[in-house]
Structure formats: C-alpha cells, structure tokens
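A.B. asks: Just so it is clear: in the sequence shown, position 27 is 245 by the working numbering, and no numbers are missing.
The following block contains the structure, expressed as structure tokens.
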Amino acid sequence: GFVEATQEMNLAPQVTGQIVGKYFKGGDTVQAGQVLYEIDPRTYKANLLSAEGNLASARAALANAEMDAERYTKLYEQNAVSKQMLDNAVTARDQARASVKALEGLLLNAQINMEETKVTAPFTGRTDTSSLEVGNYVAAGQSVLTKISNTDPVFVKFSIAEPEYLTLAAASDGNGAALDNLSAVLANGETYGLKGKVAEVNRGISDNTGTLTIKATFQNPKKELLPGMFAHIQATGGVRENALLIPQRSVTELMYKNFVYVVGADNKVIMKEIKLGQKVGRLIMVNGGLTGEETLVVEGVGKMRQGALVDPQPMTEADLNTVEEK
Numbered sequence: 219g220f221v222e223a224t225q226e227m228n229l230a231p232q233v234t235g236q237i238v239g240k241y242f243k244g245g246d247t248v249q250a251g252q253v254l255y256e257i258d259p260r261t262y263k264a265n266l267l268s269a270e271g272n273l274a275s276a277r278a279a280l281a282n283a284e285m286d287a288e289r290y291t292k293l294y295e296q297n298a299v300s301k302q303m304l305d306n307a308v309t310a311r312d313q314a315r316a317s318v319k320a321l322e323g324l325l326l327n328a329q330i331n332m333e334e335t336k337v338t339a340p341f342t343g344r345t346d347t348s349s350l351e352v353g354n355y356v357a358a359g360q361s362v363l364t365k366i367s368n369t370d371p372v373f374v375k376f377s378i379a380e381p382e383y384l385t386l387a388a389a390s391d392g393n394g395a396a397l398d399n400l401s402a403v404l405a406n407g408e409t410y411g412l413k414g415k416v417a418e419v420n421r422g423i424s425d426n427t428g429t430l431t432i433k434a435t436f437q438n439p440k441k442e443l444l445p446g447m448f449a450h451i452q453a454t455g456g457v458r459e460n461a462l463l464i465p466q467r468s469v470t471e472l473m474y475k476n477f478v479y480v481v482g483a484d485n486k487v488i489m490k491e492i493k494l495g496q497k498v499g500r501l502i503m504v505n506g507g508l509t510g511e512e513t514l515v516v517e518g519v520g521k522m523r524q525g526a527l528v529d530p531q532p533m534t535e536a537d538l539n540t541v542e543e544k
C-alpha cells in the first residue's frame with residue numbers, strides 16, 4: 219500500500235492581490251491558525267473603512283426616517299396631515315431600513331475580505347514546497363499557495379484479495395485482534411516501529427480487481443512516514459498456542475478442497491483432506507485433518523499419487539528453505 223495524509227488541502231487565497239508576507243518554508247510543520255501568507259491589505263482596509271462610514275450614515279438617516287414616520291403617524295391621527303404624507307414617511311423609513319441591511323452586508327463582506335488577507339493554516343500539518351513568494355500576484359480561488367497535510371496519524375491505503383480478507387477476518391476471532399495489530403514494512407525492508415489498525419474498509423470487493431480496499435491508521439509522531447511512501451502491510455492475529463504449521467507448498471488444492479500427502483507406516487503415501495487457517499510467512503496453519511505426528515510430503519508433491527511407495531527422508535529448516543528457492 220501507500221501512505222496518505224489523514225487530512226490534505228490545497229490552500230488557495232480567498233482575496234486577490236500581491237503577496238506581502240510569507241512566514242514558512244516548504245516542509246515546515248505549522249499549527250492550526252498560524253499565519254502562512256499575507257496579501258496586500260491596503261485596498262481591503264480602505265473598503266472596510268468606506269463600508270463602516272456608509273453604514274454609519276445610513277443608520278443616522280434611518281433614525282431620522284423613523285422619527286418622521288412616528289411624527290406623521292401622530293399628526294395623521296389628529297387629522298393634521300394627509301394619508302399620502304403619512305405613506306411617504308413610512309415608505310422613506312422602510313427604504314432606510316433596507317439600506318441599512320444592505321450596507322450591513324457590505325460591511326460584513328469587507329470585514330471578511332480584510333480577515334482573508336491573512337492566510338492561515340486550517341489544521342496542524344506539514345506544508346508542501348511553494349514557488350509563490352513575496353511580490354507574486356495571486357487571484358482569489360485560482361492560485362494554489364501551498365498544500366498542507368496532516369501526517370500524524372497517517373493512512374496506509376492497501377488492497378487485499380478476497381481469500382486474504384477471509385483469512386484476516388478469521389484471524390480476528392471475532393475480537394478484531396488482527397485488525398488492530400497491523401505492521402508496516404517499508405521500502406528499505408525495515409518494519410515501522412508502531413502498530414496500526416484498520417480505520418476504513420470499502421463497501422465490497424471490486425468487480426474489476428477482485429480486491430478489497432482498506433485504510434489503516436498509524437501514529438506518526440516522528441514524521442517518519444510521508445505521503446506517497448510505499449508500505450507492505452502485515453496482519454498478526456492473537457496468539458494461538460500449540461498451533462500446527464506446515465509448509466504452504468505441501469498443500470494441494472482439488473475441487474475447492476485442500477489436501478496433503480502423508481507417509482504411512484508401510485512408506486506408502488496417503489492423501490488426507492485438511493482444513494487451513496491463516497498464512498504465516500511460508501507456512502500455513504492447519505485447523506483440522508492432521509495431528510502433527512504425521513510424516514508430511516513436502517518435495518515432489520505435484521508428482522505424488524495415492525498409494526505410491528516412497529523413501530522418506532527428514533528435512534531440516536535449511537532444507538526447506540532450499541526447496542522453497544527452487
């Protein structure tokens with residue numbers, strides 16, 4: 219699989235203008251809310267002051283319009299003014315109220331634009347390299363200032379075949395042990411020091427590839443795992459005492475069943491059906507069909523037949539490795 223950031227975002231400016239400040243270097247770890255860039259605020263400051271002044275003027279006009287409407291209402295009740303004059307005063311008041319609402323919106327927009335001249339980190343993470351420096355002109359929503367990624371923890375996204383998934387599920391024994399005990403082997407062959415656990419599982423097996431996509435999370439306090447790095451995922455189930463393990467190459471599959479050849483007391487080969495468990499390196503666990511006392515045929519399995527007479531020779535682990543390499 220490959221390492222992915224748990225959070226990743228292209229940081230784009232929300233206002234247009236010239237960069238007047240840059241406060242990080244590519245690869246820096248930045249904190250949520252930290253100012254990364256500043257865009258020339260002068261135009262936006264002027265717009266803010268203008269919006270504040272226009273709103274203050276409109277509010278003063280509204281106060282006068284409300285007093286006029288109240289005065290004309292009383293005069294109309296005394297038959298001192300016409301209905302038309304009252305209607306005009308009420309209309310002027312309503313228009314003044316609408317003007318204040320509109321200018322409040324313009325002021326809010328000006329405040330937001332002013333705030334957006336300081337571009338901050340949306341979350342704690344690591345920055346990408348950026349070619350944009352002080353003096354560059356950027357456009358709102360179009361220029362990408364930098365990319366920021368949260369790399370503690372990280373995801374490792376990988377795919378497993380259906381049989382491997384079934385083995386993994388069986389290894390969990392209903393308690394999720396294998397799902398919470400994942401190891402990551404890195405490109406240099408070394409195993410990452412911290413264990414991971416399954417975080418997300420795709421909804422089903424892919425029709426095209428026959429695999430299931432899984433995301434595992436690994437804590438990454440030292441930032442050793444970087445997005446894009448390769449990692450081979452290994453799952454380890456709970457400890458099973460007195461487990462019977464045999465070489466995978468000794469197993470023959472026939473009609474969706476698994477068999478091995480064992481040597482009887484008369485040195486004749488007997489074919490026995492077995493039930494298999496999870497794989498452990500070059501070995502595989504036997505869940506039924508063998509006691510562990512049998513003499514197992516490992517080499518020449520493809521040529522073996524029921525009842526064949528053989529001359530069994532013991533094998534050491536070194537012999538087994540030699541057989542595997544052939």
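Where a beta carbon is used, it is the ideal one built from N, C-alpha and C, also for glycine.
Short of 8 Å in beta carbon distance, which residues of its chain neighbour residue 482, apart from the five on each side in sequence? Order them along the chain.
C.D. replies: Excluding positions up to five away in sequence, the list reads 488.
A.B. asks: For a test of the three-state rule: what should DSSP assign to residue 358, helix, strand or coil?
C.D. replies: Coil at residue 358, not helix or strand.
A.B. asks: What separation, rounded to the nearest whole angstrom, lies between the Cα atoms of residue 444 and residue 499?
C.D. replies: About 27 Å.
A.B. asks: Can you tell me whether residue 392 is helix, strand or coil according to DSSP?
C.D. replies: Any reading at residue 392 must be qualified, since the residue scores a pLDDT of 48, below 50, and its modelled position is unreliable; no value is offered.
A.B. asks: Expressed to the nearest angstrom, what Euclidean distance is found between the alpha-carbon atoms of residue 295 and residue 310?
C.D. replies: Looking at the two C-alpha atoms, the distance is approximately 19 Å.
A.B. asks: In angstroms, rounded to a whole number, what distance separates the CA positions of residue 505 and residue 382?
C.D. replies: Roughly 16 Å separates the two Cα atoms.
A.B. asks: Contact defined as beta carbons within less than 8 Å: I believe residue 361 pairs with residue 343. What is the distance between those atoms, to the nearest angstrom?
C.D. replies: The Cβ separation is near 20 Å, so there is no contact.
A.B. asks: Is it the case that the Cβ atoms of residue 231 and residue 412 are separated by a distance below 8 Å?
C.D. replies: No, they are not a contact pair.
A.B. asks: Considering only the beta carbon of each residue, do residue 339 and residue 249 sit closer than 8 Å?
C.D. replies: In contact: residue 339 and residue 249 (Cβ atoms closer than 8 Å).
A.B. asks: Please state if the CB of residue 255 and the CB of residue 240 are separated by a distance shorter than 8 Å.
C.D. replies: Yes, the pair counts as a contact, with Cβ atoms nearer than the cut-off.
A.B. asks: Would you say the stretch 287 to 305 touches the stretch 368 to 379, given that touching needs at least three Cβ pairs under 8 Å?
C.D. replies: Touching, no.
A.B. asks: At which residues does the alpha helix (DSSP H) containing residue 313 begin and terminate?
C.D. replies: It spans 301 to 334 - the alpha helix (DSSP H) in which residue 313 sits, taken as one unbroken run.
A.B. asks: Quick check on DSSP: helix, strand or coil for residue 479?
C.D. replies: Of the three classes helix, strand and coil, the one that applies to residue 479 here is strand, per DSSP.
A.B. asks: Assign residue 394 to buried or exposed, taking buried as 16 or more other Cβ atoms, counted over all protein chains shown, within 10 Å of its Cβ.
C.D. replies: Unreliable placement is indicated for residue 394, whose pLDDT of 47 sits below 50; no coordinate value is reported for it.
A.B. asks: Which word fits residue 330, buried or exposed, when buried means at least 16 other C-beta atoms lie within 10 angstroms of its C-beta?
C.D. replies: It is exposed - the Cβ of residue 330 has fewer than 16 other Cβ atoms within 10 Å.
A.B. asks: Check the C-beta distance from residue 308 over to residue 277 and give it rounded, since I have them as a contact under 8 Å.
C.D. replies: Actually they do not touch by this definition, with Cβ atoms about 18 Å apart.
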